[in-house]
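Written out below as structure tokens is the structure these notes cover.
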Amino acid sequence: MKRIFIDAAKCDGCKNCTVACMQAHRADTGTVYDLNLMDIRNESRNHIVITADGNYKPIFCRHCDQPECVLSCMSGALSKDPESGHVLYDENKCGSCFMCVMNCPYGVLKPDTATRTKVIKCDFCQHDPEGPSCVRACPK
Amino acid sequence: MNHQCYGCNTCKSADKPLEGFIRSLPMETSHHRVDTQKTKCGFGLQGVCCRLCANGPCRITPSSPRGICGANADTIVARNFLRAVASGSGCYIHIVENTALNLKKTAQTKGELKGMESLNHLAEIFGIEESDDYVKAEKVADAVLADLYKPEYVKAELVEKIAYAPRVKRWKELNIMPGGAKSEVFKGVVKCSTNLNSDPVDMLTDCLKLGISTGVYGLTLTNLLNDVLLGQPKLRQAPVGMRVIDPDYINIMITGHQHTIFVDLQDKLISPEAVKKAQAAGAKGFKLVGCTCVGQDLQLRGAHYTEVFDGHAGNNYTSEAILATGAIDAVLSEFNCTLPGIEPICDELKIKQICLDDVAKKANAELLPFNFDEREDQSWLIIDKIVDAYKERRGNVPLNLMEDHGNDNTLTGVSEGSLKDFLGGSWKPLIDLIVSGDIKGIAGVVGCSNLTAGGHDVLTVELTKELISRDIIVLTAGCSSGGIENCGLMTPDAAKYAGPKLRAVCEKLGIPPVLNFGPCLAIGRLEIVATEIAETLGVDLPQLPLVLSAAQWLEEQALADGCFGLALGLPLHLGLPPFVTGSPAAVKVLTEDMKSLTGGQVIINPDAKESADILEQIILDKRSGLQI
Amino acid sequence: MRHIIIGAGAAGIQAAKTIRALQPDAAIIMVSTDEHVHSRCMLHKYLSHERDEAALSFIPEDFFEDQNIYWMNNSTVTSIDTDERTLTLTDNFQLAYDKLLIATGANSFIPPVGQFREANNVFGLRHLCDAQNIRTLADKAQKILVVGSGLVGMDAAYAFLEQGKEVTVVEMADRILPLQLDETAGNAYREQFEAHGCTFLLGRKASETVINASGSIEAVILDDGTRIDCDLVVVAAGVRPAIECVQGSKIKAERFIEVDKYLMTSCNHVYAAGDVAGISGIWPNAMKQGETAAYNMCGIPMEYTDRYAMKNTMNFYGITTLSLGRGVAQEGDTVLVRHDSKSYQRAIIRDNKLDSILLQGPIDYSGVYQYVIKNQINLSQLTTDVFQLSFADFYGVDKRGQYMYP
Numbered sequence: 002m003k004r005i006f007i008d009a010a011k012c013d014g015c016k017n018c019t020v021a022c023m024q025a026h027r028a029d030t031g032t033v034y035d036l037n038l039m040d041i042r043n044e045s046r047n048h049i050v051i052t053a054d055g056n057y058k059p060i061f062c063r064h065c066d067q068p069e070c071v072l073s074c075m076s077g078a079l080s081k082d083p084e085s086g087h088v089l090y091d092e093n094k095c096g097s098c099f100m101c102v103m104n105c106p107y108g109v110l111k112p113d114t115a116t117r118t119k120v121i122k123c124d125f126c127q128h129d130p131e132g133p134s135c136v137r138a139c140p141k
Numbered sequence: 003m004n005h006q007c008y009g010c011n012t013c014k015s016a017d018k019p020l021e022g023f024i025r026s027l028p029m030e031t032s033h034h035r036v037d038t039q040k041t042k043c044g045f046g047l048q049g050v051c052c053r054l055c056a057n058g059p060c061r062i063t064p065s066s067p068r069g070i071c072g073a074n075a076d077t078i079v080a081r082n083f084l085r086a087v088a089s090g091s092g093c094y095i096h097i098v099e100n101t102a103l104n105l106k107k108t109a110q111t112k113g114e115l116k117g118m119e120s121l122n123h124l125a126e127i128f129g130i131e132e133s134d135d136y137v138k139a140e141k142v143a144d145a146v147l148a149d150l151y152k153p154e155y156v157k158a159e160l161v162e163k164i165a166y167a168p169r170v171k172r173w174k175e176l177n178i179m180p181g182g183a184k185s186e187v188f189k190g191v192v193k194c195s196t197n198l199n200s201d202p203v204d205m206l207t208d209c210l211k212l213g214i215s216t217g218v219y220g221l222t223l224t225n226l227l228n229d230v231l232l233g234q235p236k237l238r239q240a241p242v243g244m245r246v247i248d249p250d251y252i253n254i255m256i257t258g259h260q261h262t263i264f265v266d267l268q269d270k271l272i273s274p275e276a277v278k279k280a281q282a283a284g285a286k287g288f289k290l291v292g293c294t295c296v297g298q299d300l301q302l303r304g305a306h307y308t309e310v311f312d313g314h315a316g317n318n319y320t321s322e323a324i325l326a327t328g329a330i331d332a333v334l335s336e337f338n339c340t341l342p343g344i345e346p347i348c349d350e351l352k353i354k355q356i357c358l359d360d361v362a363k364k365a366n367a368e369l370l371p372f373n374f375d376e377r378e379d380q381s382w383l384i385i386d387k388i389v390d391a392y393k394e395r396r397g398n399v400p401l402n403l404m405e406d407h408g409n410d411n412t413l414t415g416v417s418e419g420s421l422k423d424f425l426g427g428s429w430k431p432l433i434d435l436i437v438s439g440d441i442k443g444i445a446g447v448v449g450c451s452n453l454t455a456g457g458h459d460v461l462t463v464e465l466t467k468e469l470i471s472r473d474i475i476v477l478t479a480g481c482s483s484g485g486i487e488n489c490g491l492m493t494p495d496a497a498k499y500a501g502p503k504l505r506a507v508c509e510k511l512g513i514p515p516v517l518n519f520g521p522c523l524a525i526g527r528l529e530i531v532a533t534e535i536a537e538t539l540g541v542d543l544p545q546l547p548l549v550l551s552a553a554q555w556l557e558e559q560a561l562a563d564g565c566f567g568l569a570l571g572l573p574l575h576l577g578l579p580p581f582v583t584g585s586p587a588a589v590k591v592l593t594e595d596m597k598s599l600t601g602g603q604v605i606i607n608p609d610a611k612e613s614a615d616i617l618e619q620i621i622l623d624k625r626s627g628l629q630i
Numbered sequence: 004m005r006h007i008i009i010g011a012g013a014a015g016i017q018a019a020k021t022i023r024a025l026q027p028d029a030a031i032i033m034v035s036t037d038e039h040v041h042s043r044c045m046l047h048k049y050l051s052h053e054r055d056e057a058a059l060s061f062i063p064e065d066f067f068e069d070q071n072i073y074w075m076n077n078s079t080v081t082s083i084d085t086d087e088r089t090l091t092l093t094d095n096f097q098l099a100y101d102k103l104l105i106a107t108g109a110n111s112f113i114p115p116v117g118q119f120r121e122a123n124n125v126f127g128l129r130h131l132c133d134a135q136n137i138r139t140l141a142d143k144a145q146k147i148l149v150v151g152s153g154l155v156g157m158d159a160a161y162a163f164l165e166q167g168k169e170v171t172v173v174e175m176a177d178r179i180l181p182l183q184l185d186e187t188a189g190n191a192y193r194e195q196f197e198a199h200g201c202t203f204l205l206g207r208k209a210s211e212t213v214i215n216a217s218g219s220i221e222a223v224i225l226d227d228g229t230r231i232d233c234d235l236v237v238v239a240a241g242v243r244p245a246i247e248c249v250q251g252s253k254i255k256a257e258r259f260i261e262v263d264k265y266l267m268t269s270c271n272h273v274y275a276a277g278d279v280a281g282i283s284g285i286w287p288n289a290m291k292q293g294e295t296a297a298y299n300m301c302g303i304p305m306e307y308t309d310r311y312a313m314k315n316t317m318n319f320y321g322i323t324t325l326s327l328g329r330g331v332a333q334e335g336d337t338v339l340v341r342h343d344s345k346s347y348q349r350a351i352i353r354d355n356k357l358d359s360i361l362l363q364g365p366i367d368y369s370g371v372y373q374y375v376i377k378n379q380i381n382l383s384q385l386t387t388d389v390f391q392l393s394f395a396d397f398y399g400v401d402k403r404g405q406y407m408y409p
């Protein structure tokens, strides 16, 4: 399977991956120039945490081999695609219980801020033949 | 020497031979770096990164809609924008200040004044009655300098005399008449500093004020003062592109915006004594090779400088290629757009770099700040240094000429004066063509060249082609001129790209459908043309079927120019947004509210065809407004 | 090799899926009383008419065909002969197995209050059939009594409120969601429920019932004599492991089926997973137990380790809460509380280790807390504020790009 490799030592916290992710998953269309950066419905599936010692730690879905989120999903919304290895999320099936948020050992998931009915989950940019937008947006 | 092939990753250029040339170069240029810099910061693009204080940088996201201080996207964007406009205005005000000082000193020393018509015209506008030409010139220069040095709270006097009366009336209603131009810059940078102004509308209003002082002094008056010292533009056909470089001469590439700095040097370079020095070194003499806007200005007045001036080789993003020919022996720079990227190339090709103004001091250049009183000694010093460079490098550095680049018959020397003369001393023939619909309207395709709006000059050239195909005549000023001329759109032959009606007009008059007014400063000349046409028709500027496009704007100066365009009430197209789209308030003011304020509006579109559609529709609307 | 799995809940399904992955050619038979595979945790969405039977499923539509599993639904196992390795169904049909997994889950516990057990309008909420029965009555009912304010009770109450019913919740404890939340966190929900028309009677028990001629309870009398008229009673007073099928067999079971660390029962070849095994009956653990049992059934020894079940999340009226641990402070514990306009957070630290955490409001990126509690991480080694912990504090990446804890 494909996985986004992260070299945290190179991360400068520029959040370009975050903006790229928001752009890739925005509901409306447009360019990164007109992506509404104040609309809470535009959420990133990745985030970067700065640690006390000043290092940036990019936290991205690993599409785990043994995905705890899938095991915790009580509605069948989360599943691991046996072919691609990607952990996929079906918003329509989601029961909004957020057991997955609690069970992701790496704290990657969050409820959507606007409605708290969906999970903000990396989809590996399935819609984009060029692959994950965050990877292309990383300047390093 | 680094022979690594950077080839495959250069950006596109509208100028295909140039694109191929740059791709084949053994050294890195800005065209190569577009690829490695292609990952842009989304916050930066939208203008919502603030680093005005130690709490920053703060960036606006859905989960952090305010900076630590509480500034929202509107405040952050407006502050950043005002800072850029103030900075850009400062650049032009620096240029006009030096130009006025040079005129003043020339007058005091009774030096040559080549443009008496312009001098008399200025004296008349300023209300200066004086029989002695030198005293007159000094008074004209003093009047400009006096305004530049006024405090911000004292209104500048010449604005009312230079600008079109209906515009002045509107500016007074909007309370945007500027004070002293330098002080306006000062006020602007104060206003956008940390925890001062947070009102986006107030700051954008200041941008308009800065636009007016930039336009009236930095653009319009710089042109006219230049005309007095350097001679008025005259229409002529001239060669353009890298073909102008003659390797038999000692070649000096000039970059910048302050043409008056070169007055003495231009004369000295063709003096028998200098030619003798050149010949002793093995060259036929000296030639100036035009690059950037100062090259455009020289080309504009090329009729006066046929001996020393070889022609205009290219715009800002052609400068590296020009140097890479190996036939340039020195770069004399006095302002932007002197790219830092020329430095390693100059080092590698042993090209002497001399800076004549410390505002544009290049890291590896020798600084010889222009001093009017010592200009003659300085000219000889420069000549000697360049001869030394020539001797050291020629024969040791390979030539990589591009002798068929560009063309031989670009129409140059277009100005408000030369064009009116060409039309028989009146704008009526042009107005008649517009009224009859043979010319649908006028588009000023102005400003810079950048590498990111499709590539080098790509959007500029594509948009120009689209506009002329719709019978819209295009007037250019700035680095856009350099790209468009090298692509051949300013030769009479280019009439074939125009729509049927415009084509017929061009073929009848033997002119191209794109008229080259020269440097970005000449945006001021376009304003004069527009004003005189509006005056003849008895309408205000926003009513004219006239649009502006800074399709490939590059610099902060362009933003100040753009604000002038907006203050004039003109529609202004930009290919790329000026880092404001993160602010709903700024976007609304610039693209919507401006229509009811000044009559202007910003249109942002990176697509040539779509942009041309929008601009054409605006022209059609304005035509129907005028009932033509 | 023939595997039989009794029960088509989380543990059963996960076991079947895992066996199939391990043994592509094995025969797998699933026997379930349930007609439909459904998620028990989504039943309230059926009550609120948000989902129909099909939408309660947590597996793909073609799961059984795709996985080549023979599924006998509407079938209940009545007895198991572990010597012969056979089991008998209600219609006396017999099946032989090589390996057997009992994953029958649990049933609602209906306390012997008044005529709760006899009345025709009292239901637990555990199976789809419960929900179907409830919904048929609830559609006509106006007044609904919910006994118990645990998650099941609150889910049901929420569904009824959404349907515009008059809902009363009786709770023995002095606060709602007593096992999951403290009073402050519970009150945040209580206010919302009350604002939507719910009545809570706390610190009260049902003690008597008033039944009518047609066998329906008309009213419930509480221990303080309060009479609550009702058309329908939903009892959410806990569950009991569904051990009926092992009765009379050699499989050891008292309240639940006993299993060893490999999830094997007292009989060889027979395993149990999920609620029926009584280890830790919450969804993710049931899934893991199903998986673990499957490995062992396929001859790959695997111990079951994750016994941590004191964890829950909930989401009512847009208020999300995560609760890990018992939430009960002991002497010597440090209790940290943070309450602001957007959130309520409470952590109990015992011997420098996180014992419990409750996050109400934003629960973004909170997955790391389970690791910290389960693995008894010594917090004194961390400089980060306990409420700000994230994976960044432990960040590790292996060669394959998988995150790992150091």
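Residue numbers (the numbering used here), protein chains in the order written: chain A, 2 to 141; chain B, 3 to 630; chain C, 4 to 409.
Beta carbons are placed, not taken as given, at the ideal position from N, Cα and C, and that holds for glycine.
Limits of the unbroken alpha helix (DSSP H) element including residue i
i, result
"residue 139 of chain B", "135-150"
"residue 474 of chain B", "First-last for residue 474 of chain B: 474-479, but that is the beta strand (DSSP E), not the alpha helix (DSSP H)."
"residue 506 of chain B", "502-511"
Proximity test, Cβ basis, 9 Å: residue i and chain C
i, result
"residue 98 of chain A", "yes"
Interface flag, residue i vs chain A, CB-CB below 9 Å
i, result
"residue 62 of chain C", "yes"
"residue 64 of chain B", "yes"
"residue 202 of chain C", "no"
"residue 305 of chain C", "no"
Euclidean distance between Cα positions of residue i and residue j
i, j, result
"residue 552 of chain B", "residue 463 of chain B", "12 Å"
"residue 230 of chain C", "residue 141 of chain C", "20 Å"
"residue 138 of chain B", "residue 312 of chain B", "33 Å"
"residue 2 of chain A", "residue 82 of chain A", "10 Å"
"residue 25 of chain A", "residue 134 of chain A", "7 Å"
"residue 90 of chain C", "residue 183 of chain C", "39 Å"
"residue 149 of chain C", "residue 234 of chain C", "11 Å"
"residue 20 of chain C", "residue 378 of chain C", "29 Å"
Limits of the unbroken beta strand (DSSP E) element including residue i
i, result
"residue 74 of chain C", "73-75"
"residue 92 of chain B", "Not the beta strand (DSSP E): residue 92 of chain B falls in the alpha helix (DSSP H), residues 75-110."
"residue 90 of chain A", "88-90"
"residue 99 of chain C", "97-99"
Residues sharing a beta bridge with residue i, DSSP
i, result
"residue 311 of chain B", "B:290"
"residue 209 of chain C", "C:225"
"residue 570 of chain B", "DSSP lists no partner for residue 570 of chain B."
"residue 169 of chain C", "C:146"
Short CB-CB distance (under 9 Å) between residue i and chain B
i, result
"residue 16 of chain A", "yes"
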